[in-house]
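Novice:
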Amino acid sequence: MIDISSQFNDAHLFREPTDKEISEMLDGVPVFSFRAEDLPQYKQPDRHYNLFDRTIRGRALAKKIFASHPTYSGIHFRKISELASSHSFAAMRVLLKTTAKGSEAALFILKRPNVKEASLQSASKLLGMRPSSVTPHIPEAITRFVAVHHEIGHMLQIINDENHPNNFTGDYYSELSAESNGLSEFQKASQHKPYSPHYLKNLIERRALASFTAASPEYWLAPALSKMFLENDYLFLDQHNPHDVYRSYAEIRLRVAILSENQSAAQVAAQWGLSQKKLTRVWKAKNNIALSASSHYLQQAITLWVTGNVSRVYGLPEEASGSNFYLAHFIPQLDTIRHSIVYQEQLNNGALFQLLEQVHQQGNLSEVTRKNITQILDSTHIFCPEIAPQRQNAENKTKLTCPEPKN
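Structural data, given as structure tokens:
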């Protein structure tokens, strides 16, 4: 896959709206925006801000806000400092003022995407992978445009009193609505352009890949976005259950993590010269769980853990020998394993994508989970082509069988 983002000549179509323009979208509520590089002690996303940096940046941001809105006095300094030193791609906060009528929006603070950050850096951050493992592919102008309109979507939710409960389902629908706003604005700006469907699909598939590699559950939006924008099926929202999406992605991460741990354990045993005769039996049993257990069984186990009933995993009807005992101990360690140095190295060298391909080919999967894995694997060939699993390229095969053009 060729990275065409550097060849993109239509950046002018994706100009970020000004604070005044955003304010007009929000019924006149004032907006103050800034970029990370506007503040002192600026650091690249791969470096963290210490307490001194956060204090200096927080004070600088507060000073800028006061200069633009001198009558406003309700700044929460700790939150401002957190926002000033956040490495979030594009962050929005609303500050409230309290009147006799209650609380009302007084000022929106928008943290715009960093213009000093190249498309490779922003893609690397979103996917949680090393830049050397990633091909950005989407022009940075489009990425920033969608990100800003995503945050405007959150502002509109507040203006329109679209209250979402403070739980997984609420956060999920909040992010889905905001991302839908960003993609809709992209469609408007790129209408009649031949690349519009291409980049729309890539924006959604980048979400799918991030869901596997790094994103938290409220951002597991790709299946819903595909329905909405690629299939033009908005009626699905009436039956859409975010918990089904959560269970499917959690299952995918679980299966790959089991295979990943087995792979690393085998490598360690080989390095230490340990006899692998007995260990092989254990590895086969674990691999059997990762591949032969059904989506229904694994999702039952995951749900019990999420709801604080992990001990009840022992009571599930087993689908593989010893699976209940193993999963009851393994699932609570899933996040720790995913953040380990070994796992991250497997992610960056492509080993995890090979394991994901193995799950796709050999796993006892539900139709939904198989479809989600297909989308993730498709996205690896866009954003990680050099480390993606090899597959037969139907397009290239067709070209080889075409007759030579006649002179």
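Position 239 of the sequence shown, counted from 1, bears residue number 248 in this note's numbering, the numbering being contiguous throughout. Beta carbons are placed, not taken as given, at the ideal position from N, Cα and C, and that holds for glycine.
1) Quick one, are the C-beta atoms of Q130 and P39 less than 8 Å apart?
2) Write down every uninterrupted run of the beta strand (DSSP E) in the region 141-217 whose length is 3 residues or greater and which is fully enclosed by it, in chain order.
3) I need the DSSP call for A20, collapsed to helix, strand or coil.
4) In the DSSP assignment, the beta strand (DSSP E) including V40 goes from what residue to what residue?
5) By Cβ distance below 8 Å, which residues in the same chain neighbour A69 in space, the five residues on each side in sequence not counted?
6) Below 8 Å CB to CB, which residues in the same chain sit around S77 once its five sequence neighbours on both sides are set aside?
7) What's the gap between the Cα of D253 and the Cα of Y228?
8) Quick one: complete alpha helix (DSSP H) runs, 4+ long, within the region 240-270?
9) Counting along the chain, where does the alpha helix (DSSP H) carrying T389 start and finish?
10) Tell me where the alpha helix (DSSP H) around Y352 begins and ends.
11) Please tell me whether F417 and K73 are closer than 8 Å, where the distance is taken between their beta carbons.
12) Since Q272 and A360 are thought to touch, with beta carbons under 8 Å apart, how far apart are those beta carbons, to the nearest angstrom?
13) Hey, would you say T178 sits closer than 8 Å to S257, going by beta carbons?
14) Specify the secondary structure class of V124 as computed by DSSP and reduced to three states.
15) Using a threshold of 8 Å, state whether the C-beta atoms of E214 and A187 are closer than that.
16) Which one or two residues does DSSP pair with M138 in a beta bridge?
Specialist: Taking the structure as given:
1) Locating residue 130 in the sequence shown gives position 121, where the first residue counts as 1. Locating residue 39 in the sequence shown gives position 30, where the first residue counts as 1. It is not a contact, given that the beta carbons lie outside the stated cut-off.
2) none
3) Counted from its first residue, the sequence shown places residue 20 at position 11. Residue state, collapsed to three classes: helix.
4) Along the sequence shown, read from residue 1 onward, the residue named residue 40 stands at position 31. Where V40 is concerned, the enclosing beta strand (DSSP E) stretches over V40 to R44.
5) On the sequence shown, position 60 is the one that residue 69 refers to. L48, P49 and A93.
6) The residue given as residue 77 occupies position 68 in the sequence shown. These residues qualify, in order along the chain: F41.
7) Numbered from 1 along the sequence shown, position 244 holds the residue referred to as residue 253. Numbered from 1 along the sequence shown, position 219 holds the residue referred to as residue 228. Near 14 Å, if we compare the C-alpha coordinates of Y228 and D253.
8) none
9) Sequence index remark: in the sequence shown, residue 389 carries index 380 (1-based). From DSSP, the alpha helix (DSSP H) with T389 extends over E376 to F392.
10) Stepping through the sequence shown from its first residue, residue 352 is reached at position 343. Y352 -> alpha helix (DSSP H) spans I350 to N357.
11) There is simply no residue 417 to check, as the chain begins at 10 and stops at 416 in what is shown.
12) One-based indexing of the sequence shown puts residue 272 at position 263. One-based indexing of the sequence shown puts residue 360 at position 351. Their Cβ separation, rounded to whole angstroms, is 7 Å, which keeps Q272 and A360 in contact under 8 Å.
13) As a working note, residue 178 is residue 169 in the sequence shown. As a working note, residue 257 is residue 248 in the sequence shown. For T178 and S257, no; Cβs fall outside 8 Å.
14) In the sequence shown, counting from the first residue as 1, residue 124 sits at position 115. Coil at V124, not helix or strand.
15) Taking the sequence shown and counting its residues from 1, one reaches residue 214 at position 205. Taking the sequence shown and counting its residues from 1, one reaches residue 187 at position 178. Going by C-beta atoms, E214 is not nearer than 8 Å to A187.
16) If you number the sequence shown from 1, residue 138 lands on position 129. Answer is none; M138 lacks a bridge partner.
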